[in-house]
C-alpha cells in the first residue's frame, strides 16, 4: 500500500464529485447548449465566460482537469501499485472518463437528446463510483489484515448492502432521466416523477435496513459502523433535499429564468445523491471484505460431491 | 468459457452503442404541424384583384399578469443595454393584447378551392429577427415556408439562437457580437416554433411558419390586418403564448370580394370565465395547445 497513491485516488474522487456538481449546475441552468461548439467553446479554449457559457465552459474545464488527474492516477497506479486488479481498475476509470468526455461532446452535437444526456449523467455516477472504489482499495484500512466476522441473522447484511447500492444506482438513472426530460421552464413528467418517488422509498427501505442491521449486529466494528452512520445521515438529508427540490422545481415554469433557490436545491439533491451512492459502495465493499456467512448447506453439498466422486 | 463471455461482452457493447446513437437521431414527425399547410403540390395562386382583408383587435380581459423583472447580472452587458429587462409573455395596453399570432387555419375560397390545396409563391424578402438589449425583437413573428429568416445580433455580447421545433429541423448556433447575420429557413409549416438563447435563459421568441401568407401579429394596440386574402370562408385562429403551451381561439369569417371581414378575439382569465362571445359573428373557442410544443 502506498499512501501517495491513496491520497491521489482520494483527490481524483473529490475532483469527480466537484465535476458532478458542475454538471448539475449546467443542467439546472439549461446551459448545455450555451455554445454549439465542442470541444472548444465558440472556437476558443478560454472564451469570455458570460451568461450560461460560464456554467457550460466551466464544466468543460473541470472535466478536463478530472481527465488529466485520471491519467495521472493510472500512471501512479502502474508505477506504485502491486495489485494487478487495482491497476486494471485504474484503466477502467480511464476508459470511463474518456467515454464520458465523448458522451459530453455527443450531447452538444446532437442537441441534448434524452438518451445521450441521461447516459452522460449515469456514466458520471459510475465513474465517481469507480474513483471512490479506487480510493477505498488503496486505503490502509482496506489493506490492513482484518479478521473475518461471521454474519449472524438473516438476511446477510452484505447482500442487503449490495441490493441497496444497485437500487441507488437505478434511482440515479431515473433521477437523471427526470432532470433531462424537461428544462426549468416546463413541468416535470408526472410518471417519471412518481417513479422517482417510488425509487426513493425503495432506497430508504434497503439502505436504511442495511445501515440499521450493521448498527445492531456489528456495533463494535468501526470499519462498518462509520459508513453506516454516514449513510443514514446522508439518506435523511437527501430525502429532505428531494422534497425541497420538488417544491422549487414545480414553481420554476412560472419564473422568468432559472432562479437560485431552484438551482441550489436541485444541484444539492444531485450532489447528495452521488454521496449516498458513494457511501453505499464503500459500505458494500467493506461488508464483503469482513463479513462471512457460515453456510452449512455448502459443506453438505461438498461432502456429497466428495461421496459421489468416491 | 471466459473468452466466449468476453466476445459476448464486446458484441453487446457495440450493439448498445449503435442502438444509442441511432435512437439519438431526431427524425421529424408530423406531430405539431399546422394542419392546413402541408400540401406539397397544388396550383400556384395568381392574384385576381378581388382579394380582401381580415382585420380585428385582440383584447385582454381581466387583470393581466404583471411583467416579471429579469436578473441579467450573469451578463453585465445585458444589464447595461437594457436595465429594465422584463418578461414579454403578456403585453397588454389599455386592455389590448400585443404579440398574438393570428392566421388562417383552413377554409374554402369563393370558387370552391381549399385554401390548403393552393400553392403560394415564397416571398423573396427576408424576415428579420433581431437580438437587441438581450431580448428578441420582434417577440412573435411569422414566415412562409422556405422564406429566409435573417437573424441579427445588435448586442455587444454573444448570443446563441436555438429554435426547438417539433416538425422542422432543430438547430443551435452561436452568434458572437459583430458576427454577420445568420440566414435560415423552415421547410415545413409549424405553429409555433419556440426560439431560445441558451446563453441568456430569459430570452424567448416564437416563429409561426405557414405555407401561405395569411398571418399577422397583433400590434401594441391589439390590432392586426391580414391582407390579400382570396374571397371565401375561413377559420381564423389567434394564438397567444403561455407556459407550457399557449392558447388558441378560433372563429369563422367570410371574406367578400374586395371587402373586409372582422374577427376580434379576447384572451385573459375574465374572457375564459365569462365564456362570452368575443366576436360579432361567432364566439371564439378556447383550445389549449397541449402537445403542440
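Chains as they are written, first to last, in my numbering: chain A, 1 to 310; chain B, 1001 to 1293. Quick reminder that beta carbons are idealized off the backbone N, C-alpha and C, glycines included.
Residue i in three-state terms, based on DSSP
i: residue 1170 of chain B; result: coil
i: residue 77 of chain A; result: helix
i: residue 52 of chain A; result: coil
i: residue 1206 of chain B; result: strand
i: residue 1223 of chain B; result: strand
i: residue 199 of chain A; result: helix
i: residue 292 of chain A; result: strand
i: residue 1105 of chain B; result: strand
i: residue 1336 of chain B; result: Residue coverage of chain B in this structure runs from 1001 to 1293, which leaves residue 1336 of chain B outside it and unanswerable.
i: residue 4 of chain A; result: helix
i: residue 1186 of chain B; result: coil
i: residue 1175 of chain B; result: strand
i: residue 1153 of chain B; result: strand
i: residue 313 of chain A; result: The requested residue 313 of chain A does not occur in the structure, where chain A is confined to residues 1 to 310.
i: residue 241 of chain A; result: helix
i: residue 119 of chain A; result: helix
i: residue 1074 of chain B; result: coil
i: residue 150 of chain A; result: strand
i: residue 104 of chain A; result: helix
Among the options, the one whose alpha carbon lies nearest that of residue i
i: residue 211 of chain A; options: A:129, A:234, A:192, A:200; result: A:234
i: residue 1200 of chain B; options: B:1174, B:1222, B:1269; result: B:1174
i: residue 28 of chain A; options: A:282, A:195, A:188, A:285; result: A:188
i: residue 1071 of chain B; options: B:1094, B:1249, B:1052, B:1203; result: B:1203
i: residue 88 of chain A; options: A:245, A:133, A:205, A:107; result: A:133
i: residue 261 of chain A; options: A:184, A:281, A:284, A:230; result: A:184
i: residue 232 of chain A; options: A:256, A:194, A:81, A:280; result: A:280
i: residue 1252 of chain B; options: B:1153, B:1260, B:1234, B:1122; result: B:1234
i: residue 1180 of chain B; options: B:1158, B:1163, B:1073; result: B:1158
i: residue 1076 of chain B; options: A:51, A:81, A:222; result: A:51
i: residue 1132 of chain B; options: B:1145, B:1090, B:1080, B:1091; result: B:1080
i: residue 1176 of chain B; options: B:1155, B:1193, B:1163; result: B:1155
i: residue 1259 of chain B; options: B:1139, B:1227, B:1089; result: B:1227
i: residue 177 of chain A; options: A:168, A:196, A:251; result: A:196
i: residue 1102 of chain B; options: B:1137, B:1053, B:1136, B:1061; result: B:1053
i: residue 217 of chain A; options: A:259, A:179, A:158; result: A:158
Beta-carbon separation (whole angstroms), residue i vs residue j, contact threshold 8 Å
i: residue 77 of chain A; j: residue 96 of chain A; result: 14 Å between Cβ atoms; not a contact.
i: residue 1114 of chain B; j: residue 1231 of chain B; result: Their Cβ separation, rounded to whole angstroms, is 14 Å, which puts residue 1114 of chain B and residue 1231 of chain B out of contact at 8 Å.
i: residue 12 of chain A; j: residue 138 of chain A; result: Not quite, the Cβ-Cβ distance comes to about 11 Å (not below 8 Å), so this is no contact.
i: residue 1143 of chain B; j: residue 1186 of chain B; result: 7 Å
i: residue 1058 of chain B; j: residue 1097 of chain B; result: 5 Å
i: residue 1055 of chain B; j: residue 1262 of chain B; result: 6 Å
Alpha-carbon spacing of residue i relative to residue j, whole angstroms
i: residue 5 of chain A; j: residue 126 of chain A; result: 21 Å
i: residue 1169 of chain B; j: residue 1197 of chain B; result: 17 Å
i: residue 273 of chain A; j: residue 1104 of chain B; result: 51 Å
i: residue 100 of chain A; j: residue 120 of chain A; result: 6 Å
i: residue 63 of chain A; j: residue 109 of chain A; result: 17 Å
i: residue 174 of chain A; j: residue 199 of chain A; result: 8 Å
i: residue 238 of chain A; j: residue 166 of chain A; result: 17 Å
i: residue 1067 of chain B; j: residue 1087 of chain B; result: 5 Å
i: residue 202 of chain A; j: residue 117 of chain A; result: 25 Å
i: residue 1015 of chain B; j: residue 162 of chain A; result: For residue 1015 of chain B, the predicted model reports a pLDDT of 45, less than 50, meaning its position is unreliable; a value from the coordinates is still stated below. Going by the C-alpha atoms only, they are around 28 Å apart.
i: residue 18 of chain A; j: residue 25 of chain A; result: 11 Å
i: residue 1134 of chain B; j: residue 1165 of chain B; result: 22 Å
i: residue 286 of chain A; j: residue 79 of chain A; result: 26 Å
i: residue 1191 of chain B; j: residue 1120 of chain B; result: 18 Å
i: residue 71 of chain A; j: residue 92 of chain A; result: 11 Å
i: residue 7 of chain A; j: residue 31 of chain A; result: 33 Å
i: residue 1257 of chain B; j: residue 1216 of chain B; result: 20 Å
i: residue 38 of chain A; j: residue 56 of chain A; result: 11 Å
i: residue 244 of chain A; j: residue 208 of chain A; result: 21 Å
i: residue 225 of chain A; j: residue 291 of chain A; result: 13 Å
i: residue 271 of chain A; j: residue 282 of chain A; result: 17 Å
i: residue 54 of chain A; j: residue 41 of chain A; result: 10 Å
i: residue 293 of chain A; j: residue 152 of chain A; result: 8 Å
i: residue 255 of chain A; j: residue 1221 of chain B; result: 26 Å
i: residue 252 of chain A; j: residue 1195 of chain B; result: 19 Å
Test: residue i CB closer than 7 Å to a CB of chain C
i: residue 256 of chain A; result: Among the protein chains in the structure shown, which are A and B, there is no chain C.
DSSP bridge partner residues for residue i (one or two, in chain order)
i: residue 1251 of chain B; result: B:1236
i: residue 1260 of chain B; result: B:1053
i: residue 1119 of chain B; result: B:1044
i: residue 214 of chain A; result: Note: residue 214 of chain A sits in no beta bridge, so no partner.
i: residue 1069 of chain B; result: B:1086
i: residue 59 of chain A; result: In the DSSP output, where bridge partners are listed per residue, residue 59 of chain A has none listed.
i: residue 1093 of chain B; result: B:1096
i: residue 1142 of chain B; result: B:1208
i: residue 1162 of chain B; result: B:1196
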